[in-house]
Amino acid sequence: MNRNKTIICKDSIDPDPELLVWEKWIKIRKEETEHLARKTGRPPADLAMNLLTKVREDKERKIVLENSQIEKKVRIRNTLWEQPQRLKQKCYCEQVYEVQRTRAELGRPRIIEHIGVPRHIQETEMGIADVSKRKSCPKLDSSYINYREKREKELEPKIKKIDPFRSQIDEIMIIGKKPKPPQKRMAPLPTIVVTYDPVNDKDVSTLYAVKINDTILLKEVSGQQIDHLIKMQNESWHEACKSWSYYFNCPINKIGRSKIFLQNLGTVTLRYCWKRIKLPFEDTQSLVFFFNKNENVLFPGQNQEILITFISSNTGSYSESWELIFLNTCFFENQNKQLIFNLYADAIENVAKIKNKIFKLKNIIYNNVLKNIATDLLEEIVQKATTVQLQIYPYRKRFLEAEMFVMKNPVCFYHQTEVAKLNEIFTEMAPGEQWDLSIISWRIKMMEKEFEDRMKYYETLRKSHRECLKPWYEDDDLLEQKYKVVKQILGQMFDKFDEEFARLPEISDINDETVEKSTSEASQQEKVSDRNTSFTVKNIFYLRAYEHVATAIDMCAGFISSLDLNRWIDFDFCRT
876 MNRNKTIICK
886 DSIDPDPELL
896 VWEKWIKIRK
906 EETEHLARKT
916 GRPPADLAMN
926 LLTKVREDKE
936 RKIVLENSQI
946 EKKVRIRNTL
956 WEQPQRLKQK
966 CYCEQVYEVQ
976 RTRAELGRPR
986 IIEHIGVPRH
996 IQETEMGIAD
1006 VSKRKSCPKL
1016 DSSYINYREK
1026 REKELEPKIK
1036 KIDPFRSQID
1046 EIMIIGKKPK
1056 PPQKRMAPLP
1066 TIVVTYDPVN
1076 DKDVSTLYAV
1086 KINDTILLKE
1096 VSGQQIDHLI
1106 KMQNESWHEA
1116 CKSWSYYFNC
1126 PINKIGRSKI
1136 FLQNLGTVTL
1146 RYCWKRIKLP
1156 FEDTQSLVFF
1166 FNKNENVLFP
1176 GQNQEILITF
1186 ISSNTGSYSE
1196 SWELIFLNTC
1206 FFENQNKQLI
1216 FNLYADAIEN
1226 VAKIKNKIFK
1236 LKNIIYNNVL
1246 KNIATDLLEE
1256 IVQKATTVQL
1266 QIYPYRKRFL
1276 EAEMFVMKNP
1286 VCFYHQTEVA
1296 KLNEIFTEMA
1306 PGEQWDLSII
1316 SWRIKMMEKE
1326 FEDRMKYYET
1336 LRKSHRECLK
1346 PWYEDDDLLE
1356 QKYKVVKQIL
1366 GQMFDKFDEE
1376 FARLPEISDI
1386 NDETVEKSTS
1396 EASQQEKVSD
1406 RNTSFTVKNI
1416 FYLRAYEHVA
1426 TAIDMCAGFI
1436 SSLDLNRWID
1446 FDFCRT
């Protein structure tokens, strides 16, 4: 034996699983980046993804700064009168625990563990030659950076405790090869001692036994010793039955639950399922009973609780029958015997909820009644204080509607009652549309209707149009105004006649004296010329008189039409 044998100790470090995942992701990303770089003709550094911002490092730095600012431990209540935020209490019978807090609030903040890959490995092994960076904005971030540096300087002792390993991983240089992982240590083998007892040697490899609630079912096989199970069947708590009944009494839309206890007392795994027994009078469309599992496996010695759930949205009585079937065995000699579970339920109205709704509804009705009474009183007071006496003819002030109607229908006169009637019928013909006061558009809508409706609307349009074609009715006041206007215009016309007659001597340039002398001394030719001159003067007078008459007639027609246009129908629309 060589006693001078040297032993070389090789330390090994287990690889970090997160770094292995990261390395696999980098390889895939490198292949995709090189493929896209060849296709697009761009360098791989421009196509590298998730390298523009260091989100993880910024997040860790923010967490360290937040945890270092916690000054003291948070208690249940800082003051006597302050209520706790949230309590942790599993059951009402247990004591009340403190408020749920984080590790940092408890005074034990998490120590930050940095994970990264040195730049040397990224460039040599991963093939990342360069990293794209965003264009920084130092002016926008200057205030935040200054505040962060100030706070980190103030909290430097606490930050060293929370983040003692803060370093620039990119600057780390690793020299050497990656060590091999150490072999996993195997747990020592247990010592197994096999003993043989001929007295208790019994065949129990195929023992079928199950306990349902307080009933034990056995499958007797020759050669098996099941004295302990038979002894359990003879006890007082045992119930020998093959059917069980469950009754539920729940309000509608409320869940009712019950339990079925199963225990495998044998040595064979039992596989069971539920099967519904359909009765002829049952409604198979609606199911109100549900099991948490329709089929399951019961291992030897295992206990299970099967939950039966009842829920219904309608009131009434319900009943269903279900059979428990064991798929790999049968506990009865006769196959017709079954394990039946009869489920009965009554879905009733939620009386407490209804009473609560009635109480709330009464309060709402009472409050609305008081509000309506107060509103009616206020409206009555305001109406009496601000009521203006209604006019007999309120349509006198509707000048805009009249002008629009006359503009749309130049040959018609405005008639308030007929226009309102046509507007109502137009709303009936075209619901949701507004009439533009044009008879043409009214007629177009009428032609779109069926024959019977069209004839009914046509008769109404014919009567209203005939009324609108009539001029306005006149009374004594309007006649007096027209008489005064015409009388004044005729008086002005006669005054014009007097003025024209007075101007005749100026036109002829002959006065009475010259006319007498001329008659005595003038010759017969001069008399003929004087007659022609007087005839011309008379014609001029007649022409100017004709002009004055035409002007007076025009003025009479204009003033009379103006009076008619400014005149409204004086009639009571309630009686017509």
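For the sequence shown, the numbering used here assigns the number 876 to the initial residue and increments by one for each residue that follows. Built from N, CA and C at the ideal position, the CB exists for glycine as well. Model, not experiment: these values are computed from the prediction.
Measuring CA to CA, which of L1173, N1242, I1248 is closest to L1140?
Taking the sequence shown and counting its residues from 1, one reaches residue 1140 at position 265. It is L1173 whose Cα lies nearest to the Cα of L1140.
Assuming contact is defined by CB atoms lying nearer than 8 Å, are Y1193 and A1220 in contact in what I supplied?
Locating residue 1193 in the sequence shown gives position 318, where the first residue counts as 1. Locating residue 1220 in the sequence shown gives position 345, where the first residue counts as 1. Contact: yes.
Enclosing beta strand (DSSP E) for A1084 [first to last residue]:
Taking the sequence shown and counting its residues from 1, one reaches residue 1084 at position 209. Boundaries of the beta strand (DSSP E) harbouring A1084: 1083-1087, taken from the DSSP string.
Opening and closing residue of the beta strand (DSSP E) in which C1148 lies
Residue numbering aside, residue 1148 sits at position 273 when the sequence shown is read from its first letter. Where C1148 is concerned, the enclosing beta strand (DSSP E) stretches over 1145-1152.
Classify Y1358 as buried or exposed, calling it buried when 16 or more other Cβ atoms lie within 10 Å of its own Cβ.
Walking along the sequence shown from the start, residue 1358 turns up at place 483. A residue is called buried once 16 or more other Cβ atoms fall within 10 Å of its Cβ, and Y1358, having fewer, is exposed.
Here's a check: name, in chain order, each residue in its chain whose Cβ is nearer than 8 Å to the Cβ of S1437, leaving out the five neighbours to either side.
Within the sequence shown, residue 1437 is the residue found at index 562, counting from 1. Cβ within range, chain order: n/a, list empty.
Assign M1322 to one of two classes, buried (16 or more other C-beta atoms within 10 Å of its C-beta) or exposed (fewer than that).
By 1-based counting over the sequence shown, the position of residue 1322 is 447. Counting every other CB atom within 10 Å of its CB across the protein chains shown gives M1322 a total below 16, marking it as exposed.
Pick from K1117, I1091, W1112 that is closest to I1105, judged by C-alpha positions:
Translated into positions along the sequence shown, residue 1105 becomes position 230. Selected option, being the one with the closest Cα: I1091.
Considering only the alpha carbon of each residue, which of D889, F1434, L1199, E909 lies closest to N1211?
In the sequence shown, residue 1211 corresponds to position 336, counting from 1. Of D889, F1434, L1199, E909, the residue nearest in Cα terms is L1199.
Quick check on K1165: does DSSP put it in helix, strand or coil?
Position 290 of the sequence shown holds residue 1165. Sequence inspection shows Phe at residue 1165; the Lys mentioned does not correspond to that position. Strand, per DSSP.
Starting from N1178 and walking both ways along the beta strand (DSSP E), at which residues does that stretch end?
The residue given as residue 1178 occupies position 303 in the sequence shown. Membership of N1178 in the beta strand (DSSP E) is indicated by the continuous run 1178-1185.
Would you give the residue range spanned by the beta strand (DSSP E) that K1094 belongs to?
Along the sequence shown, one-based indexing puts residue 1094 at 219. Under the DSSP assignment, K1094 falls in the beta strand (DSSP E) whose first and last residues are 1090-1094.
In the DSSP assignment, find the beta strand (DSSP E) that holds N1109 and state where it starts and stops.
Counting from one through the sequence shown, the residue named residue 1109 turns up at place 234. N1109 -> no beta strand (DSSP E), and no H or E assigned at all.
For A979, three-class secondary structure by DSSP
Translated into the one-based positions of the sequence shown, residue 979 becomes position 104. Three-state DSSP puts A979 in coil, outside helix and strand.
Run through DSSP, which three-state label would V1412 get?
By 1-based counting over the sequence shown, the position of residue 1412 is 537. Helix at V1412.
Bounding residues of the beta strand (DSSP E) (the contiguous stretch that carries V1286)
Start at 1 with the first residue of the sequence shown, and residue 1286 comes out as number 411. From DSSP, V1286 is part of no beta strand (DSSP E); its letter is neither H nor E.
To the nearest angstrom, report how far apart T1144 and P1175 are at their CA atoms.
By 1-based counting over the sequence shown, the position of residue 1144 is 269. By 1-based counting over the sequence shown, the position of residue 1175 is 300. Rounded to whole angstroms, T1144 to P1175 spans 6 Å at the Cα level.
Could you tell me which residues DSSP pairs with W1119 in its beta bridges?
Your numbering for residue 1119 matches position 244 in the sequence shown. Partner(s): F1216.
Spell out the partners DSSP gives K1228 in its beta bridges.
Here residue 1228 corresponds to residue number 353 of the sequence shown, with the count starting at 1. According to DSSP, which records beta bridges pairwise, K1228 is partnered with nothing at all.
Going by DSSP in three states, E1000 sits in which element: helix, strand or coil?
Your numbering for residue 1000 matches position 125 in the sequence shown. Of the three classes helix, strand and coil, the one that applies to E1000 here is coil, per DSSP.
Just to confirm my understanding: we take E1355, look at its own chain, exclude 5 residues before and 5 after, and list those with CB closer than 8 Å. What are they?
Mapped onto the sequence shown, residue 1355 falls at position 480. Excluding sequence neighbours, E1355 sits near nothing in its chain.
Quick one: Cα of K1059 to Cα of D891, how far?
On the sequence shown, position 184 is the one that residue 1059 refers to. On the sequence shown, position 16 is the one that residue 891 refers to. Rounded to whole angstroms, K1059 to D891 spans 16 Å at the Cα level.
Can we say the region 1184-1191 touches the region 1119-1129, given the rule of at least three CB pairs closer than 8 Å?
Counting C-beta pairs with one atom in each stretch, the region 1184-1191 and the region 1119-1129 have three or more that are closer than 8 Å, which means they touch.
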